[in-house]
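Chemist: Per my numbering, residue 1 is the first one in the sequence shown, and the count goes up by one each step.
Where a beta carbon is used, it is the ideal one built from N, C-alpha and C, also for glycine.
Owing to the predicted nature of the structure, the values given are computational and were not obtained by experimental measurement.
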Amino acid sequence: MRWALVKVALAVTTMVVVAFAVPLGLVIREMARDRAFSGAEREAAAVAPALSITTDRDQLERVVASAGSDAGMAVHLPAGDGRDALRLGRPRAADQDVETVRKLGRASTAAVPGGSALLQPVALSTGRIAVVEVYVPESDVTNGVGTAWAVLGAVGVALILGSVAVADRLGVRMVRPAQRLAEGAHDLGEGRLGARVPEEGPPELRLAAVAFNSMADQVVQLLANERELAADLSHRLRTPLTVLRLNTASLGRGPAADQTRSAVEQLEREVDTIIRTAREAKPQTAAAGPGAGCDAAEVVRERMAFWSALAEDEGRTWRVAGADRPVRIPVARGDLAAALDALLGNVFRHTREGTAFAVDVHNGEDAVIVLVSDAGPGIADPEAAMARGRGSGSDGSTGLGLDIVRRLAESTGGDVRIGSSVLGGTEVRIRLQLDGRAPARGGHRQLRRRRPRGLAAVYNRSRTH
Numbered sequence: 001m002r003w004a005l006v007k008v009a010l011a012v013t014t015m016v017v018v019a020f021a022v023p024l025g026l027v028i029r030e031m032a033r034d035r036a037f038s039g040a041e042r043e044a045a046a047v048a049p050a051l052s053i054t055t056d057r058d059q060l061e062r063v064v065a066s067a068g069s070d071a072g073m074a075v076h077l078p079a080g081d082g083r084d085a086l087r088l089g090r091p092r093a094a095d096q097d098v099e100t101v102r103k104l105g106r107a108s109t110a111a112v113p114g115g116s117a118l119l120q121p122v123a124l125s126t127g128r129i130a131v132v133e134v135y136v137p138e139s140d141v142t143n144g145v146g147t148a149w150a151v152l153g154a155v156g157v158a159l160i161l162g163s164v165a166v167a168d169r170l171g172v173r174m175v176r177p178a179q180r181l182a183e184g185a186h187d188l189g190e191g192r193l194g195a196r197v198p199e200e201g202p203p204e205l206r207l208a209a210v211a212f213n214s215m216a217d218q219v220v221q222l223l224a225n226e227r228e229l230a231a232d233l234s235h236r237l238r239t240p241l242t243v244l245r246l247n248t249a250s251l252g253r254g255p256a257a258d259q260t261r262s263a264v265e266q267l268e269r270e271v272d273t274i275i276r277t278a279r280e281a282k283p284q285t286a287a288a289g290p291g292a293g294c295d296a297a298e299v300v301r302e303r304m305a306f307w308s309a310l311a312e313d314e315g316r317t318w319r320v321a322g323a324d325r326p327v328r329i330p331v332a333r334g335d336l337a338a339a340l341d342a343l344l345g346n347v348f349r350h351t352r353e354g355t356a357f358a359v360d361v362h363n364g365e366d367a368v369i370v371l372v373s374d375a376g377p378g379i380a381d382p383e384a385a386m387a388r389g390r391g392s393g394s395d396g397s398t399g400l401g402l403d404i405v406r407r408l409a410e411s412t413g414g415d416v417r418i419g420s421s422v423l424g425g426t427e428v429r430i431r432l433q434l435d436g437r438a439p440a441r442g443g444h445r446q447l448r449r450r451r452p453r454g455l456a457a458v459y460n461r462s463r464t465h
């Protein structure tokens, strides 16, 4: 397409330049010729008054000399009054041409060596016709024509080159975005999901690039959601697996017990493999739609009833506060249950037996806060723990538990914070926005500075329930 545009522009511009430059060059040549002969006519007209008055040789020679061009002017006087034909100056025209002009009585031009001669008839006082000859050199006829033609040629070449350059740039502007769009589609087809196309070029190609990038983003998002769903569903299997692993410890010794423990360990490894394979995608959780939600207090009571059996087996003390009355949140029941299971599973997995833990629910005007705290050793690097897929590096850690909790909170416009609990261990604070608006950053910083006092007050209040 690029070279086709260049060829079309070259052909069209060349035709236009030829169509205008050739006639204009001819006009310039004719104008130069007319200018030269007009000057000759003025010189001849300067002698005509003297010829109409006198035919004296001496006087006429002075008149010819006063015209300023005695070397280029001649006067042909006819014979008469007992006098032969007389020629003054330097004649160049043939006698036949002079006699023809005298007979016809009108001006004419004749070709002479080195140029042309203007033959102008003039009536004498005797009634005869004299002929004034003015020599017009070829250099006067072509004076300035070569320069004008050179300028026209330069302008024509400049126009052609300019049109070719503009056509080439226009072709590049049209072809390059199309090539990038084709390359992006090829890369995306080969599995390079990061392929994007610059949104530049003509409006139509820009719209095509925008549509392509949107399509690529949708493809990446769909793949990410699929991997994320696989990882989250696989991670939910960790809860029953934890129960099975803990229960196998009480089976004692024997082939059946060893076989059961081996099967549980193999199942845990398989689940970990699935999670690690699927966790490459960038997560994104959509906000719950209108009307969706659940009773957070009911879900907390249900999950604590489930984990309480394991807590009693391991000698852990636990408590629940703020779950004695309904607390509506814009989160699906299964998602909140999965987030609580992830946090409580971390407590059982990463703290020693006998470590106490607690779950507190606080219902505010614009948000609901769920606190899960324990009396364990705490988390040394909260930021690393919140990073998706990082985990603790230990066996059975996929690094997706806290990420599930974070995405749940962010889907409502809330957030997750990790700090120190009043029990001496880790506290995970889940803030679930009720109106879907993200909290202000200044509010976060203020809440963090006041956290020790607030947590102590929460713990003291919870002891009364």
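State the start and end residues of the unbroken beta strand (DSSP E) segment that holds Asp360.
Modeler: Position 360 of the sequence shown, counted from the first residue, corresponds to residue 360. Phe357 to Asn363 is the extent of the beta strand (DSSP E) around Asp360.
Chemist: Within the same chain, show all residues whose beta-carbon is closer than 6 Å to that of Leu207, passing over the 5 residues directly before and after it, in chain order.
Modeler: Position 207 of the sequence shown holds residue 207. Taken in chain order, the list of residues that qualify is empty.
Chemist: Quick check on the burial criterion: 16 or more other C-beta atoms within 10 angstroms. Buried or exposed for Gly189?
Modeler: Counting from 1 along the sequence shown, the entry for residue 189 is found at position 189. Exposed.
Chemist: Determine the DSSP secondary structure at Asp58, reduced to helix, strand or coil.
Modeler: Along the sequence shown, read from residue 1 onward, the residue named residue 58 stands at position 58. Correct three-state label for Asp58: helix.
Chemist: DSSP three-state label for Glu302, please.
Modeler: Walking along the sequence shown from the start, residue 302 turns up at place 302. The answer is helix: DSSP assigns Glu302 an H, G or I state.
Chemist: Should the region 127-143 be regarded as contacting the region 104-116, the criterion being three or more beta carbon pairs within less than 8 Å?
Modeler: Taking 8 Å as the limit for Cβ pairs, the verdict is that the region 104-116 does touch the region 127-143.
Chemist: Report the option in Gly413, Leu60 and Lys7 whose CA atom is closest to the CA atom of Ala167.
Modeler: Locating residue 167 in the sequence shown gives position 167, counting from the first residue. For the residues Gly413, Leu60 and Lys7, the minimum Cα distance to Ala167 belongs to Lys7.
Chemist: Roughly how many angstroms separate the alpha carbons of Leu161 and Trp149, rounded to a whole number?
Modeler: As a position in the sequence shown, residue 161 is number 161, starting the count at 1. As a position in the sequence shown, residue 149 is number 149, starting the count at 1. Spanning the two alpha carbons is a distance of roughly 18 Å.
Chemist: Express the C-alpha separation of Leu344 and Val327 in angstroms, rounding to a whole number.
Modeler: Taking the sequence shown and counting its residues from 1, one reaches residue 327 at position 327. Taking the sequence shown and counting its residues from 1, one reaches residue 344 at position 344. Answer to the nearest angstrom: the Cα atoms are 20 Å apart.
Chemist: Count the other CB atoms, across all protein chains shown, that sit within 10 Å of the CB of Val12; report buried if there are 16 or more and exposed otherwise.
Modeler: Position 12 of the sequence shown, counted from the start, is the residue given in the question as residue 12. The residue in question, Val12, is exposed, as its Cβ has fewer than 16 Cβ neighbours within 10 Å.
Chemist: Let me confirm a value: Asp272 is counted as buried when at least 16 other C-beta atoms fall within 10 Å, else exposed. Which label applies?
Modeler: Numbered from 1 along the sequence shown, position 272 holds the residue referred to as residue 272. Buried is the call here.
Chemist: Among the residues of its own chain, which have a CB less than 6 Å from the CB of Thr248, if the five just before and after it don't count?
Modeler: The residue you call residue 248 lines up with position 248 of the sequence shown. Thr260, Arg261 and Val264, listed in sequence order.
Chemist: Cα separation between Val16 and Val155?
Modeler: Working through the sequence shown from its first residue, we reach residue 16 at position 16. Working through the sequence shown from its first residue, we reach residue 155 at position 155. Straight-line Cα distance between these residues: approximately 12 Å.
Chemist: Of all the alpha helix (DSSP H) runs that stay within the bounds of the region 115-161, which reach a length of 4 or more residues?
Modeler: Runs found: 138-141.
Chemist: If you draw a straight line from the C-alpha of Gly291 to the C-alpha of Thr426, how long is it?
Modeler: Against the sequence shown, residue 291 aligns to sequence position 291. Against the sequence shown, residue 426 aligns to sequence position 426. Low per-residue confidence applies at Gly291: pLDDT is 49, beneath 50, and the placement is therefore not dependable enough to give any value.
Chemist: Quick check on DSSP: helix, strand or coil for Asp415?
Modeler: Counting from one through the sequence shown, the residue named residue 415 turns up at place 415. Strand at Asp415.
Chemist: Look at the alpha carbon of Ala332 and the alpha carbon of Arg169, and state the distance between them as a whole number of angstroms.
Modeler: Mapped onto the sequence shown, residue 332 falls at position 332. Mapped onto the sequence shown, residue 169 falls at position 169. When rounded, the distance between both Cα atoms is 57 Å.
Chemist: Can you pull the DSSP bridge partners for Trp318?
Modeler: Here residue 318 refers to the residue found at position 318 of the sequence shown. Note: Trp318 sits in a beta bridge opposite Phe357.
Chemist: I need the DSSP call for Glu199, collapsed to helix, strand or coil.
Modeler: For this step, residue 199 is matched to residue 199 along the sequence shown. In this structure, Glu199 counts as coil in the three-state DSSP scheme.
Chemist: Might you give, ordered along the chain, the residues of its own chain that have their beta carbon closer than 6 Å to the beta carbon of Thr242, omitting 5 neighbours on each side?
Modeler: Numbered from 1 along the sequence shown, position 242 holds the residue referred to as residue 242. Cβ neighbours of Thr242 beyond the five flanking positions: Gly345.
Chemist: Classify Ile53: buried if its beta carbon has 16 or more other beta carbons within 10 angstroms, exposed otherwise.
Modeler: Residue numbering aside, residue 53 sits at position 53 when the sequence shown is read from its first letter. Label assigned to Ile53: exposed.
Chemist: Is it true that the region 181-196 meets the region 21-35, where meeting means three or more beta-carbon pairs spaced less than 8 Å apart?
Modeler: No, the region 181-196 is not in contact with the region 21-35.
Chemist: Looking at Leu432 and Ala296, is the spacing between their C-beta atoms short of 9 Å?
Modeler: Here residue 296 corresponds to residue number 296 of the sequence shown, with the count starting at 1. Here residue 432 corresponds to residue number 432 of the sequence shown, with the count starting at 1. Their beta carbons are under 9 Å apart, which means Ala296 touches Leu432 by this criterion.
Chemist: Who are the Cβ neighbours of Glu298 in its own chain at under 6 Å, not counting the five residues just before and after it?
Modeler: On the sequence shown, residue 298 is found 298 positions in, with the first residue counted as 1. Same-chain partners within the cutoff: there are none.
Chemist: Any idea what DSSP makes of Ala192, helix, strand or coil?
Modeler: Stepping through the sequence shown from its first residue, residue 192 is reached at position 192. As written in the sequence, residue 192 is Arg, which differs from the Ala given in the question. Looking at Arg192 - three-state DSSP - the assignment turns out to be coil, as it is neither helix nor strand.
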